[in-house]
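Asker: Residue numbers (the working numbering), protein chains in the order written: chain A, 1 to 231; chain B, 232 to 474. The structure's right below; bear with me while I get my questions together.
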Amino acid sequence: MFELSPQDWTAVQLSLRVAAVSTVVALPFGIAIAMVLARKEFWGKALLDGLVLLPLVLPPVVTGYLLLITFGRRAPVGAFLADHFGIVFSFRWTGAALACGVMAFPLMVRAIRLSIEAIDARLEDAAATLGANPIWCFITVTLPLALPGIIVGAILAFARALGEFGATITFVSNIPGETQTISAAIYTLMQVPNGDADALKLVVVAVIISLGALMLSEWLARRATARLHGN
Amino acid sequence: MAGAPGHRAPARQLTMLVVQLEKQLGEFAVKASFASEGGATVLFGPSGAGKTSVINMIAGLLAPDRGRIVLNDEVLFDDKARIDVPASRRRIGYVFQEGRLFPHFSVRRNLDYGRWMSGQPADSAVFHHAVELLDIGHLLDRRPGRLSGGERQRVAVGRALLMRPRLLLLDEPLASLDAARKREILPYLERLRDEAHVPLIYVSHNAAEVRRIATRVVRLEAGTVLATGGLELLDAAQADMLA
Numbered sequence: 001m002f003e004l005s006p007q008d009w010t011a012v013q014l015s016l017r018v019a020a021v022s023t024v025v026a027l028p029f030g031i032a033i034a035m036v037l038a039r040k041e042f043w044g045k046a047l048l049d050g051l052v053l054l055p056l057v058l059p060p061v062v063t064g065y066l067l068l069i070t071f072g073r074r075a076p077v078g079a080f081l082a083d084h085f086g087i088v089f090s091f092r093w094t095g096a097a098l099a100c101g102v103m104a105f106p107l108m109v110r111a112i113r114l115s116i117e118a119i120d121a122r123l124e125d126a127a128a129t130l131g132a133n134p135i136w137c138f139i140t141v142t143l144p145l146a147l148p149g150i151i152v153g154a155i156l157a158f159a160r161a162l163g164e165f166g167a168t169i170t171f172v173s174n175i176p177g178e179t180q181t182i183s184a185a186i187y188t189l190m191q192v193p194n195g196d197a198d199a200l201k202l203v204v205v206a207v208i209i210s211l212g213a214l215m216l217s218e219w220l221a222r223r224a225t226a227r228l229h230g231n
Numbered sequence: 232m233a234g235a236p237g238h239r240a241p242a243r244q245l246t247m248l249v250v251q252l253e254k255q256l257g258e259f260a261v262k263a264s265f266a267s268e269g270g271a272t273v274l275f276g277p278s279g280a281g282k283t284s285v286i287n288m289i290a291g292l293l294a295p296d297r298g299r300i301v302l303n304d305e306v307l308f309d310d311k312a313r314i315d316v317p318a319s320r321r322r323i324g325y326v327f328q329e330g331r332l333f334p335h336f337s338v339r340r341n342l343d344y345g346r347w348m349s350g351q352p353a354d355s356a357v358f359h360h361a362v363e364l365l366d367i368g369h370l371l372d373r374r375p376g377r378l379s380g381g382e383r384q385r386v387a388v389g390r391a392l393l394m395r396p397r398l399l400l401l402d403e404p405l406a407s408l409d410a411a412r413k414r415e416i417l418p419y420l421e422r423l424r425d426e427a428h429v430p431l432i433y434v435s436h437n438a439a440e441v442r443r444i445a446t447r448v449v450r451l452e453a454g455t456v457l458a459t460g461g462l463e464l465l466d467a468a469q470a471d472m473l474a
């Protein structure tokens, strides 16, 4: 009874790929920005904070539109990346990954930032007196202690990317096999007569993946916390 | 990396620390000058006298507004010459009031951290000597979360000692411990002073503790040095308090 059509499968696989790539690529930036926001004071910090959170409060269509006029094939940044690095976003799955990454970024940064702020900064002072320069201090003290938050941030971002719809469809449209993720496929099916039953299958898949991701994140975070403090 | 290897002081090289600094902290001004020639120099004074600020500046965790800090002819800080050696390159050990052990490392890795960060080769003789001095051999595989307060402070002393510091700062290392634990640790600190050949700067507001540790006393109050001298300063301080 529960059989997915090849096209549905494509959408599921594409969604997983888009979500995974966007999360992995966004993670180093997320950690860096979270670190800066948690530990540094500088002019314009409130602005940076606001910019990072912006995709969370903007209508996704607006984010998609902004991506289009920035990273589109003829847009300034998009044309530059295409001409010099051969990276094309428009109407490609990479564009879907970019849109998902941008939309998921605030959640990722938030989770990581909170976990860094929860670390006693005096431990970093202690590391410095023991000869650790700022980079080693980050690698040996801050990063491992922030690990539970980094895991949670990454998985939240992954789940958010799986569910992304508005920005993606605005930026890279809804092309089966290229940019049609689970959400877009469900939307398409619901536009066809009698498509509801097929849509329901994808809905079930979406629920299973999201729930699985959440449970995995809880479990990993708990394990990481136990490993950090236990013995 | 920090410090030239091979320049390990043969037993008892005279260490000279010259401190002369000014720092405005909100309403509170610290203005302290003193020198130390090895042994255990105690910064003695009531809470809020600026003792911790002074050693934080020596460690490089807090930048003075003005002044000079010189250790063995190496200028660590000089505002006029714009010198401010970062904490990680000062090779000054620091035992904090609350230990500040790394919770995600075992005791062994905590002890080894300073050597690891400065890229010195492992030296098991040195390691075991410190472990024995502080009697922490049975704790090596535990995490700091599973240590008692006294054990934690002993490990913190060991961690600072094993980085082979040129100077060891101790900020009220006994303050968070009850009387029994204090009695447990004080002998180790005395051994440290007499056997480890590292000059100590020891912060305390407890006269009894100071009497056991100090070879020299710097009396600090309201951010300024009232007097520098021997243990007789403690009597003067007590007389002041009674007066």
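Just so it is clear, CB atoms sit at the ideal spot from N, CA and C, and this is done for glycine as well. Quantities reported herein were computed from a predicted structural model and do not represent experimental measurements.
Any idea what DSSP makes of glutamate 305 of chain B, helix, strand or coil?
Answerer: Working through the second sequence from its first residue, we reach residue 305 of chain B at position 74. Note: glutamate 305 of chain B maps to strand in three-state DSSP.
Asker: For a contact defined as C-beta to C-beta under 7 Å, what are the partners of leucine 123 of chain A on chain B?
Answerer: By 1-based counting over the first sequence, the position of residue 123 of chain A is 123. Neighbours of leucine 123 of chain A on chain B, chain order: Arg331 and Phe333.
Asker: Against alanine 318 of chain B, what residues of chain A qualify as contacts under a CB-to-CB distance less than 8 Å, listed in chain order?
Answerer: Your numbering for residue 318 of chain B matches position 87 in the second sequence. The contacting residues are Asp125, Ala128 and Thr129.
Asker: Whole angstroms is fine: what's the gap from leucine 156 of chain A's alpha carbon to asparagine 133 of chain A's?
Answerer: Taking the first sequence and counting its residues from 1, the one referred to as residue 156 of chain A is at position 156. Taking the first sequence and counting its residues from 1, the one referred to as residue 133 of chain A is at position 133. C-alpha separation (whole angstroms): 32 Å.
Asker: For arginine 374 of chain B, decide whether its Cβ has a neighbour in chain A, counting only Cβ atoms nearer than 8 Å.
Answerer: If you number the second sequence from 1, residue 374 of chain B lands on position 143. Cβ-Cβ to chain A under 8 Å: yes for arginine 374 of chain B.
Asker: Need the endpoints of the beta strand (DSSP E) that glutamate 80 of chain A sits in, please.
Answerer: As a working mapping, residue 80 of chain A is identified with position 80 in the first sequence. Reading off the sequence shown, one finds phenylalanine at residue 80 of chain A, where the question assumed glutamate. Run containing phenylalanine 80 of chain A: none in the beta strand (DSSP E); it sits in the alpha helix (DSSP H), 76 to 85.
Asker: Are leucine 398 of chain B and alanine 263 of chain B touching if we call contact CB-CB under 8 Å?
Answerer: As a first step, residue 398 of chain B must be located in the second sequence, where it is residue number 167. As a first step, residue 263 of chain B must be located in the second sequence, where it is residue number 32. No, Cβ-Cβ distance for leucine 398 of chain B and alanine 263 of chain B is not below 8 Å.
Asker: For glycine 78 of chain A, which residues of its own chain have a beta-carbon under 8 Å away from its beta-carbon, when the five flanking residues on both sides are left out?
Answerer: Against the first sequence, residue 78 of chain A aligns to sequence position 78. So the qualifying residues of the chain are Thr70, Phe71, Gly72, Val88, Phe89 and Ser90.
Asker: Restricting to Cα atoms, I'd like to know which of A/Leu48, A/Ser210, A/Thr181 and A/Ala159 is closest to tryptophan 93 of chain A.
Answerer: Your numbering for residue 93 of chain A matches position 93 in the first sequence. Closest by alpha carbon: A/Thr181.
Asker: Are the stretch 262 to 278 of chain B and the stretch 451 to 471 of chain B touching by the rule of at least three beta carbon pairs closer than 8 Å?
Answerer: A contact exists between the stretch 262 to 278 of chain B and the stretch 451 to 471 of chain B.
Asker: According to a CB-to-CB cut-off of less than 8 Å, which residues of the stretch 285 to 300 of chain B neighbour chain A?
Answerer: Of all residues in the stretch 285 to 300 of chain B, Ala290, Gly291 and Leu292 have a Cβ within less than 8 Å of some Cβ in chain A.
Asker: Would you kindly report the start and end of the unbroken beta strand (DSSP E) that includes threonine 272 of chain B?
Answerer: Counting from one through the second sequence, the residue named residue 272 of chain B turns up at place 41. Unbroken beta strand (DSSP E) run through threonine 272 of chain B: 271 to 275.
Asker: Using 8 Å as the threshold, is the C-beta distance between glycine 212 of chain A and phenylalanine 105 of chain A below it?
Answerer: One-based indexing of the first sequence puts residue 212 of chain A at position 212. One-based indexing of the first sequence puts residue 105 of chain A at position 105. Contact: no.
Asker: Strictly by DSSP, which residues pair up with glycine 298 of chain B?
Answerer: In the second sequence, counting from the first residue as 1, residue 298 of chain B sits at position 67. According to DSSP, which records beta bridges pairwise, glycine 298 of chain B is partnered with B/Leu252.
Asker: Is it the case that the stretch 164 to 174 of chain A contacts the stretch 374 to 381 of chain B, given that we only count it when at least three CB pairs across the two stretches are under 8 Å?
Answerer: Judged by Cβ distances under 8 Å, the stretch 374 to 381 of chain B makes no contact with the stretch 164 to 174 of chain A, as fewer than three pairs qualify.
Asker: What would DSSP say about arginine 395 of chain B, mapped onto helix, strand or coil?
Answerer: Numbered from its first residue, the second sequence carries residue 395 of chain B at position 164. Looking at arginine 395 of chain B - three-state DSSP - the assignment turns out to be coil, as it is neither helix nor strand.
Asker: Determine the DSSP secondary structure at serine 435 of chain B, reduced to helix, strand or coil.
Answerer: Mapped onto the second sequence, residue 435 of chain B falls at position 204. Looking at serine 435 of chain B - three-state DSSP - the assignment turns out to be strand.
Asker: Can you grab the Cα-Cα spacing for the pair glutamate 403 of chain B / alanine 34 of chain A, in whole Å?
Answerer: The residue you call residue 403 of chain B lines up with position 172 of the second sequence. The residue you call residue 34 of chain A lines up with position 34 of the first sequence. So the two alpha carbons sit approximately 34 Å from each other.
Asker: With distances taken between CB atoms, is the gap from leucine 252 of chain B to proline 295 of chain B smaller than 8 Å?
Answerer: Counting from one through the second sequence, the residue named residue 252 of chain B turns up at place 21. Counting from one through the second sequence, the residue named residue 295 of chain B turns up at place 64. Going by C-beta atoms, leucine 252 of chain B is nearer than 8 Å to proline 295 of chain B.
Asker: Only counting the same chain, and skipping five residues up and downstream in sequence, which positions put a Cβ closer than 7 Å to that of leucine 16 of chain A?
Answerer: Numbered from its first residue, the first sequence carries residue 16 of chain A at position 16. Excluding positions up to five away in sequence, the list is empty.
Asker: When the distance is taken between beta carbons, is isoleucine 367 of chain B closer than 8 Å to valine 386 of chain B?
Answerer: In the second sequence, the residue the question calls residue 386 of chain B occupies position 155. In the second sequence, the residue the question calls residue 367 of chain B occupies position 136. Cβ atoms of valine 386 of chain B and isoleucine 367 of chain B: closer than 8 Å.
Asker: Nearest by alpha-carbon distance to leucine 164 of chain A: which of A/Ala184, A/Met108 and A/Trp43 is it?
Answerer: Translated into the one-based positions of the first sequence, residue 164 of chain A becomes position 164. Looking at the sequence itself, residue 164 of chain A is glutamate, so the reference to leucine does not match. That would be A/Ala184, whose Cα lies nearest to the Cα of glutamate 164 of chain A.
Asker: Closest to alanine 271 of chain B by C-alpha separation, out of B/Asp471, B/Ile432 and B/Gly345, would be which residue?
Answerer: Here residue 271 of chain B refers to the residue found at position 40 when the second sequence is read from its first residue. Among B/Asp471, B/Ile432 and B/Gly345, the Cα nearest to that of alanine 271 of chain B is on B/Ile432.
Asker: In angstroms, rounded to a whole number, what distance separates the CA positions of leucine 256 of chain B and serine 284 of chain B?
Answerer: In the second sequence, the residue the question calls residue 256 of chain B occupies position 25. In the second sequence, the residue the question calls residue 284 of chain B occupies position 53. If you take the alpha carbons of leucine 256 of chain B and serine 284 of chain B, they lie about 9 Å apart.
Asker: Assign valine 204 of chain A to buried or exposed, taking buried as 16 or more other Cβ atoms, counted over all protein chains shown, within 10 Å of its Cβ.
Answerer: In the first sequence, counting from the first residue as 1, residue 204 of chain A sits at position 204. Exposed, by the Cβ-count rule.
Asker: So, under 8 Å CB-CB, leucine 342 of chain B and arginine 383 of chain B are touching, yes? Tell me the CB distance rounded to an integer number of Å.
Answerer: Against the second sequence, residue 342 of chain B aligns to sequence position 111. Against the second sequence, residue 383 of chain B aligns to sequence position 152. Not confirmed; about 12 Å, so no contact.
Asker: So with CB distances below 8 Å, who are the chain A contacts of isoleucine 432 of chain B?
Answerer: Counting from one through the second sequence, the residue named residue 432 of chain B turns up at place 201. Within 8 Å Cβ-Cβ: nothing; isoleucine 432 of chain B doesn't reach chain A, min ~13 Å.
Asker: Examine the Cβ distances between the stretch 115 to 125 of chain A and the stretch 138 to 150 of chain A and report whether three or more of them are shorter than 8 Å.
Answerer: Yes, since at least three Cβ pairs between the stretch 115 to 125 of chain A and the stretch 138 to 150 of chain A fall closer than 8 Å, the two stretches touch.
Asker: Taking 6 Å as the limit between beta carbons, can you name the residues of its chain near glycine 95 of chain A, skipping five residues before and five after?
Answerer: As a working mapping, residue 95 of chain A is identified with position 95 in the first sequence. Phe89, Phe171 and Val172.
Asker: Closer than 8 Å by beta-carbon distance: list the chain B residues that pair up with leucine 81 of chain A, in chain order.
Answerer: Reading the first sequence from its first residue, position 81 is the one you call residue 81 of chain A. Here the premise fails: no neighbours, minimum Cβ distance about 38 Å.
Asker: Taking 8 Å as the CB-CB limit, is proline 193 of chain A close to chain B?
Answerer: For the purposes of this step, residue 193 of chain A is taken as residue 193 along the first sequence, with counting starting at 1. Not an interface residue.
Asker: Quick one: what's got a C-beta closer than 7 Å to asparagine 303 of chain B's C-beta in the same chain, skipping five residues either side?
Answerer: Stepping through the second sequence from its first residue, residue 303 of chain B is reached at position 72. So the list reads Thr246, Met247 and Arg397, once near-sequence residues are dropped.
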